[in-house]
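Here's the structure we're looking at; comments come further down.
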Ligand SMILES: O=c1ccn([C@@H]2O[C@H](COP(=O)(O)OP(=O)(O)O[C@H]3O[C@H](CO)[C@@H](O)[C@H](O)[C@H]3O)[C@@H](O)[C@H]2O)c(=O)[nH]1
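In this note's numbering, the protein residues as written are 139 to 614.
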């Protein structure tokens with residue numbers, strides 16, 4: 139059989155693009171040709187992902203891996219500084235304008251030798267099942283968040299029928315959700331943010347529901363999560379569909395290459411080298427969201443009032459830090475527009491991570507054993523925070539009781555970086571870190587799931603091949 143060729147349709151956000159590239163590297167190492175493509179829908183600060191990806195592609199080729207990158211035309215053309223303020227524009231592009239350019243690329247790839255036979259698509263795409271059916275491709279859906287969040291979306295009808303979402307009066311906020319298979323209990327304020335809205339008809343609702351309609355047509359689901367971190371949720375999903383937990387997908391180090399090639403990057407290693415061990419709080423809210431102005435100000439004052447050193451990623455598209463902040467942090471703080479996050483988390487000077495709980499940041503924190511101070515902003519971040527702070531106990535939630543204030547920020551930073559709370563969190567973090575590293579080692583759960591997925595996919599491909607050859611024979 140010729141090398142299998144997969145078209146991997148991702149999303150132009152660092153939090154989706156990076157894991158897609160890492161997974162592509164793993165598939166290429168198993169003998170696949172992978173063409174990674176995305177529509178630049180303009181929702182993220184890092185618009186130069188593809189320029190950076192070209193660097194990774196060259197590195198891949200030098201290692202004998204066949205990964206090709208295709209940037210599809212930018213339908214929104216937003217300047218970088220406005221991107222994370224325009225989520226609706228980005229979602230609208232993905233909802234209504236993605237099929238045609240992706241189909242055009244697919245038609246081209248179908249004429250190549252070997253042609254594309256597998257369509258891997260980030261679950262947050264609204265067209266893959268229809269496209270796979272039209273061109274007789276195997277459809278693999280790639281999920282970049284925890285199984286917990288997948289289950290919430292998959293069982294949205296249960297949230298509706300139990301009055302926790304889209305209720306005619308108001309959503310139930312008084313009782314915990316206890317009926318989602320594999321999820322013992324989750325409070326209403328810990329649901330994905332779209333299920334906390336009263337209005338279920340916004341663009342983001344339409345988009346998410348359409349994505350999950352498409353998901354139901356997938357042949358396989360690959361998830362960037364770890365069985366040992368969410369065993370019950372994953373086994374409940376496995377009863378419903380071929381669901382493979384294969385995370386974290388990054389250990390090969392491909393995304394470090396990409397993140398390190400982004401134009402706005404700033405090297406922090408020299409500064410970190412001058413700091414004592416575990417003394418630095420790393421502050422970053424990912425690539426697509428930022429806290430509101432008031433919360434940002436309170437966090438900045440809380441950080442300044444604490445005694446810790448800090449490294450703060452202030453993307454150019456976010457609200458500014460308070461006046462005088464940069465001057466006040468001389469000697470103990472550094473503010474950068476973007477950094478190579480994995481390199482930072484790996485550095486022994488870093489002892490805590492103030493994060494929005496984006497799933498990649500969470501997995502990276504686990505991988506490098508850095509305790510988290512959680513300030514979830516939107517989408518999957520509230521349930522991710524629940525998983526981190528309540529279930530796994532590897533982080534502490536900030537602002538859980540409503541608005542965040544500087545005293546809470548100060549107290550929780552000091553507790554996490556130096557106090558008893560921090561000691562308890564570090565103990566749990568060590569166990570979770572070990573489990574995540576073991577999962578991707580030889581014979582670990584994620585390695586076995588990846589091998590099983592490849593076997594199942596190749597079997598599927600060869601059965602399809604035999605079927606189409608015999609159908610072709612019958613026609614003559
Ligand atoms: O200065 C920086 C800041 C971030 N990163 C990297 O960028 C990625 C950010 O990903 P993530 O932490 O998941 O945050 P978002 O970019 O916000 O990701 C989006 O996608 C994720 C996966 O679906 C979701 O969990 C988030 O809620 C959603 O906002 C990570 O790999 C970071 O290492 C850098 O390399 N340098």
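Cβ coordinates follow ideal geometry from the N, Cα and C atoms, glycine included.
Assuming residue i and residue j are in contact, meaning their beta carbons sit under 8 Å apart, how far apart are those beta carbons, in whole angstroms?
i, j, result
"residue 144", "residue 256", "4 Å"
"residue 320", "residue 279", "With a Cβ gap of about 18 Å, residue 320 and residue 279 do not count as contacting."
"residue 527", "residue 153", "In fact, because the Cβ distance is near 20 Å, the residues do not count as touching under 8 Å."
"residue 420", "residue 473", "About 12 Å; that fails the 8 Å criterion."
"residue 277", "residue 357", "5 Å"
"residue 310", "residue 322", "So it is not a contact: roughly 18 Å between Cβ atoms."
"residue 422", "residue 468", "So it is not a contact: roughly 21 Å between Cβ atoms."
"residue 433", "residue 578", "With a Cβ gap of about 35 Å, residue 433 and residue 578 do not count as contacting."
"residue 259", "residue 147", "4 Å"
"residue 355", "residue 499", "Actually they do not touch by this definition, with Cβ atoms about 31 Å apart."
"residue 509", "residue 560", "6 Å"
By DSSP, does residue i sit in helix, in strand, or in coil?
i, result
"residue 495", "coil"
"residue 307", "coil"
"residue 209", "strand"
"residue 235", "coil"
"residue 342", "helix"
"residue 337", "coil"
"residue 292", "helix"
"residue 578", "helix"
"residue 219", "For residue 219, the predicted structure reports a pLDDT of 49, less than 50, and the residue's modelled location is therefore unreliable. The matter cannot be settled from this model."
"residue 349", "helix"
"residue 434", "helix"
"residue 298", "helix"
"residue 522", "helix"
"residue 195", "helix"
"residue 403", "coil"
"residue 588", "helix"
"residue 413", "coil"
"residue 141", "coil"
"residue 247", "helix"
"residue 472", "strand"
"residue 504", "helix"
"residue 150", "coil"
"residue 444", "coil"
"residue 461", "coil"
Compute the Euclidean distance between the alpha carbons of residue i and residue j, then round it to the nearest angstrom.
i, j, result
"residue 174", "residue 532", "34 Å"
"residue 351", "residue 414", "51 Å"
"residue 231", "residue 562", "45 Å"
"residue 597", "residue 484", "39 Å"
"residue 615", "residue 253", "Nothing in the structure corresponds to residue 615, since the chain is present only between 139 and 614."
"residue 590", "residue 406", "40 Å"
"residue 275", "residue 269", "8 Å"
"residue 359", "residue 165", "15 Å"
"residue 234", "residue 156", "24 Å"
"residue 463", "residue 471", "10 Å"
"residue 129", "residue 226", "An answer regarding residue 129 cannot be provided, because it is not within the stretch 139 to 614 covered by the chain."
"residue 506", "residue 569", "12 Å"
"residue 341", "residue 229", "7 Å"
"residue 544", "residue 436", "5 Å"
"residue 524", "residue 595", "34 Å"
"residue 361", "residue 466", "43 Å"
"residue 481", "residue 496", "17 Å"
Cβ of residue i within 9 Å of Cβ of residue j?
i, j, result
"residue 558", "residue 444", "no"
"residue 285", "residue 158", "no"
"residue 161", "residue 387", "yes"
"residue 400", "residue 476", "yes"
"residue 375", "residue 303", "no"
"residue 177", "residue 239", "yes"
"residue 170", "residue 191", "no"
"residue 416", "residue 588", "no"
"residue 347", "residue 294", "yes"
"residue 318", "residue 290", "yes"
"residue 189", "residue 205", "no"
"residue 461", "residue 167", "no"
Following a CB-centred definition, is residue i positioned closer than 8 Å to any heavy atom of ligand 3?
i, result
"residue 473", "What this structure holds is ligand 1, not ligand 3."
So with Cβ pairs under 9 Å, would you call residue i a contact of chain B?
i, result
"residue 498", "Of the chains in the structure shown, none is chain B; there is only one protein chain."
Between the region 513-528 and the region 320-336, do at least 3 Cβ pairs fall closer than 8 Å? yes
Decide if the region 350-367 is in contact with the region 425-441; the criterion is three or more beta carbon pairs, one per stretch, under 8 Å apart. no
Does the structure place the region 260-277 close enough to the region 191-206 that three or more beta carbon pairs sit under 8 Å? no
Just checking, does the region 426-434 make contact with the region 444-456 on the three C-beta pairs under 8 Å criterion? yes
Three or more C-beta pairs under 8 Å: does that hold for the region 371-391 against the region 581-589? yes
Stretch-stretch touch, CB-based, cutoff 8 Å, three pairs: the region 477-496 with the region 507-515: yes
Spell out a yes or no on whether the region 564-576 and the region 529-549 are touching, meaning 3 or more CB-CB pairs, one atom from each, closer than 8 Å. yes
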